[in-house]
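A.B. asks: Dropping the structure in here first, questions after.
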Amino acid sequence: MASMIVQPSQFNPSEHMIFTKPKVNSVGGKSIGILNSQTKRSIQVNTPLMLTWGANVYENANGPSYSLALQFPRDEFSNPDIESFLNMLKDMEESVKKAALENSKEWFGKVQGKEVIEAFWNPILKYPKGEDGEPDLTRNPTIKVKLPMWDGDYKFELYDPNNVLLLPNGDGATPDSIIQKGSNIACILQCGGIWFANGNFGVSWKLSQGIVKAAETLVKGKCHISLSSEDRATISNMNEEQTPKLEDTDSSPQTHVESDDEEEAPVEEEGSPSEPEAEPEPEPQPEPEPEPEEKPKKKRVVKKKA
Numbered sequence: 628m629a630s631m632i633v634q635p636s637q638f639n640p641s642e643h644m645i646f647t648k649p650k651v652n653s654v655g656g657k658s659i660g661i662l663n664s665q666t667k668r669s670i671q672v673n674t675p676l677m678l679t680w681g682a683n684v685y686e687n688a689n690g691p692s693y694s695l696a697l698q699f700p701r702d703e704f705s706n707p708d709i710e711s712f713l714n715m716l717k718d719m720e721e722s723v724k725k726a727a728l729e730n731s732k733e734w735f736g737k738v739q740g741k742e743v744i745e746a747f748w749n750p751i752l753k754y755p756k757g758e759d760g761e762p763d764l765t766r767n768p769t770i771k772v773k774l775p776m777w778d779g780d781y782k783f784e785l786y787d788p789n790n791v792l793l794l795p796n797g798d799g800a801t802p803d804s805i806i807q808k809g810s811n812i813a814c815i816l817q818c819g820g821i822w823f824a825n826g827n828f829g830v831s832w833k834l835s836q837g838i839v840k841a842a843e844t845l846v847k848g849k850c851h852i853s854l855s856s857e858d859r860a861t862i863s864n865m866n867e868e869q870t871p872k873l874e875d876t877d878s879s880p881q882t883h884v885e886s887d888d889e890e891e892a893p894v895e896e897e898g899s900p901s902e903p904e905a906e907p908e909p910e911p912q913p914e915p916e917p918e919p920e921e922k923p924k925k926k927r928v929v930k931k932k933a
């Protein structure tokens, strides 16, 4: 029996996808289901661990809604599992567009050509735009994932790497407080089928489950300095008699630094917090300009009166 959850490397969209008949909802919107031919159910994919820029929050009249974008990495940070997932989505895009061309009259109400289908198509993979305003296919794409909610209830689950349930858990946590910028997440994504709106069409994905690995950051208020046993023993054995020795050694270089301007300059260039170089540069520029203009005028007036 085929598993309901597929691995990207084992799923071939051109062979394993079935499209349902178009359905029109109560408000006139059209949708087409996409099923897994092996299970006759909606497609559910187990993604590899991927970077996300955090959960996005949208405030609506009926309450907040959430989404996130999974970021495909540069080649040097990729791996075979991520490549399989990316290739699966690329194949899926081509298969959906091919089916749209073959069934254009049923899907769009009249026969459409390939160029029109391409113009209507809203890609699954979102590429950054170049200077010409067109998607730059040489860069790394993202895929948008919806975090489903109904009546204020989360219809997905988030776990930590130890499989401890993070959401929903009743403590008031929200997706954006758990999935933060720089987090890594492995997901089970469910395909929501094909949507049609304002002459465009595309494929939606929603989160079913996710394991979130929070971004590693240095916690403030906690010392992260690692001392060797020798350094720790030295600090522990230091006493007041040793303190003046440090002051004596500091006094000798201070006299040299104060009298030698060449030693101060390199210290400032290396990135000291306060760099005085930027201040004196603009100061001499405005001062010499008015001085030569005013002084000659005064001298000429005096000579004429004499």
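As numbered in the numbering used here, residues 628 to 933 make up the sequence shown, in order.
Glycine is no exception: its CB is placed at the ideal position from the N, C-alpha and C atoms.
Tell me the start and end of each unbroken beta strand (DSSP E) in the region 642-711 that is at least 3 residues and wholly inside, in chain order.
C.D. replies: Qualifying beta strand (DSSP E) stretches, in chain order: 644-646, 657-659, 661-663, 671-673, 677-679, 683-687, 690-698.
A.B. asks: Are Ala727 and Phe638 close, meaning C-beta to C-beta below 8 Å?
C.D. replies: Position 100 of the sequence shown, counted from the first residue, corresponds to residue 727. Position 11 of the sequence shown, counted from the first residue, corresponds to residue 638. No; because the gap between Cβ atoms is not below 8 Å, this pair is not in contact.
A.B. asks: Looking at Cys814 and Thr674, is the spacing between their C-beta atoms short of 8 Å?
C.D. replies: Within the sequence shown, the letter at position 47 stands for residue 674. Within the sequence shown, the letter at position 187 stands for residue 814. In this structure, Cys814 lies closer than 8 Å to Thr674 by Cβ.
A.B. asks: Can you list, in chain order, the residues of its chain whose CB lies under 8 Å from that of Asp718, leaving out five sequence neighbours each side?
C.D. replies: Translated into positions along the sequence shown, residue 718 becomes position 91. Asn639, Pro640, Ser641.
A.B. asks: Sorted by chain position, which residues of the same chain lie with C-beta nearer than 8 Å to Ser835's C-beta, five sequence neighbours on each side aside?
C.D. replies: To locate residue 835, count along the sequence shown from 1; it is residue 208. Cβ neighbours of Ser835 beyond the five flanking positions: Gln671, Phe783, Glu784, Cys814, Ile815, Leu816, Gln817.
A.B. asks: CB Lys756 to CB Pro768, shorter than 8 Å?
C.D. replies: The residue given as residue 756 occupies position 129 in the sequence shown. The residue given as residue 768 occupies position 141 in the sequence shown. In this structure, Pro768 does not lie closer than 8 Å to Lys756 by Cβ.
A.B. asks: Spatial neighbours of Leu792 within its chain, please: C-beta separation below 7 Å, excluding the five flanking residues on both sides.
C.D. replies: Translated into positions along the sequence shown, residue 792 becomes position 165. Cβ neighbours of Leu792 beyond the five flanking positions: Glu784, Tyr786.
A.B. asks: How close, in whole Å, do the beta carbons of Lys771 and Ala696 come, if the pair is a contact with beta carbons under 8 Å?
C.D. replies: Within the sequence shown, numbered from 1, the residue matching residue 771 stands at position 144. Within the sequence shown, numbered from 1, the residue matching residue 696 stands at position 69. With 8 Å as the limit, Lys771 and Ala696 qualify as a contact, their Cβ atoms being about 5 Å apart.
A.B. asks: For Asn749, I'd like the list of residues in its chain whose CB is within less than 7 Å of its CB, leaving aside the five on either flank, ordered along the chain.
C.D. replies: Stepping through the sequence shown from its first residue, residue 749 is reached at position 122. Only Asn827, Phe828, Gly829 meet the Cβ criterion.
A.B. asks: Using the Cα positions of Val738 and Met644, report the straight-line distance between them to the nearest angstrom.
C.D. replies: Residue mapping note: residue 738 aligns to position 111 of the sequence shown, counting from 1. Residue mapping note: residue 644 aligns to position 17 of the sequence shown, counting from 1. Using only the alpha carbons, I get a separation of about 22 Å.
A.B. asks: Can you say whether Asn811 is buried or exposed, counting buried as having 16 or more other CB atoms within 10 angstroms of its CB?
C.D. replies: Translated into positions along the sequence shown, residue 811 becomes position 184. Buried, since its Cβ has 16 or more Cβ neighbours within 10 Å.
A.B. asks: DSSP three-state label for Gln637, please.
C.D. replies: Position 10 of the sequence shown, counting from 1, holds the residue named residue 637. Helix.
A.B. asks: Let me know if His629 comes out buried or exposed under the rule of 16 or more other beta-carbons within 10 Å of its beta-carbon.
C.D. replies: As a first step, residue 629 must be located in the sequence shown, where it is residue number 2. For the record, residue 629 in the displayed sequence is Ala; it is not His. Exposed, since its Cβ has fewer than 16 Cβ neighbours within 10 Å.
A.B. asks: Which residues in the same chain as Asn790 place their Cβ atom closer than 8 Å to its Cβ, once the five residues preceding and following it in sequence are excluded?
C.D. replies: In the sequence shown, the residue the question calls residue 790 occupies position 163. So the list reads Ile838, once near-sequence residues are dropped.
A.B. asks: Taking the Cβ atom as the reference point for each residue, do Tyr685 and Met776 lie within a distance shorter than 8 Å?
C.D. replies: Looking up residue 685 in the sequence shown gives position 58. Looking up residue 776 in the sequence shown gives position 149. No, these two residues do not count as a Cβ contact at 8 Å.
A.B. asks: Look at the alpha carbon of Glu758 and the alpha carbon of Phe823, and state the distance between them as a whole number of angstroms.
C.D. replies: Taking the sequence shown and counting its residues from 1, the one referred to as residue 758 is at position 131. Taking the sequence shown and counting its residues from 1, the one referred to as residue 823 is at position 196. Distance between the alpha carbons of Glu758 and Phe823 is about 29 Å.
A.B. asks: Scan the region 749-789 and note each continuous beta strand (DSSP E) run of 3 residues or more that stays entirely inside, going in chain order.
C.D. replies: You should have 769-774, 784-786.
A.B. asks: Taking DSSP's pairing of strands, which residues face Ala947 in a bridge?
C.D. replies: Absent from the structure is residue 947, since the part of the chain shown begins at 628 and ends at 933.
A.B. asks: Measure the Cβ-Cβ separation of Val633 and Asn663 and say whether it is below 8 Å.
C.D. replies: For this step, residue 633 is matched to residue 6 along the sequence shown. For this step, residue 663 is matched to residue 36 along the sequence shown. Contact: yes.
A.B. asks: Rounded to whole angstroms, how far is the Cβ of Ile821 from the Cβ of Ser658, which I believe are closer than 8 Å?
C.D. replies: To locate residue 821, count along the sequence shown from 1; it is residue 194. To locate residue 658, count along the sequence shown from 1; it is residue 31. Their Cβ separation, rounded to whole angstroms, is 6 Å, which keeps Ile821 and Ser658 in contact under 8 Å.
A.B. asks: Over what stretch of residues does the alpha helix (DSSP H) that includes Val743 continue unbroken?
C.D. replies: In the sequence shown, counting from the first residue as 1, residue 743 sits at position 116. Unbroken alpha helix (DSSP H) run through Val743: 741-747.
A.B. asks: For Leu794 and Gly690, I'd like the C-alpha separation in whole angstroms.
C.D. replies: In the sequence shown, counting from the first residue as 1, residue 794 sits at position 167. In the sequence shown, counting from the first residue as 1, residue 690 sits at position 63. When rounded, the distance between both Cα atoms is 18 Å.
A.B. asks: Using the beta-carbon count (16 or more within 10 Å), is Trp734 buried or exposed?
C.D. replies: Residue mapping note: residue 734 aligns to position 107 of the sequence shown, counting from 1. With 16 or more other Cβ atoms within 10 Å, it is buried.
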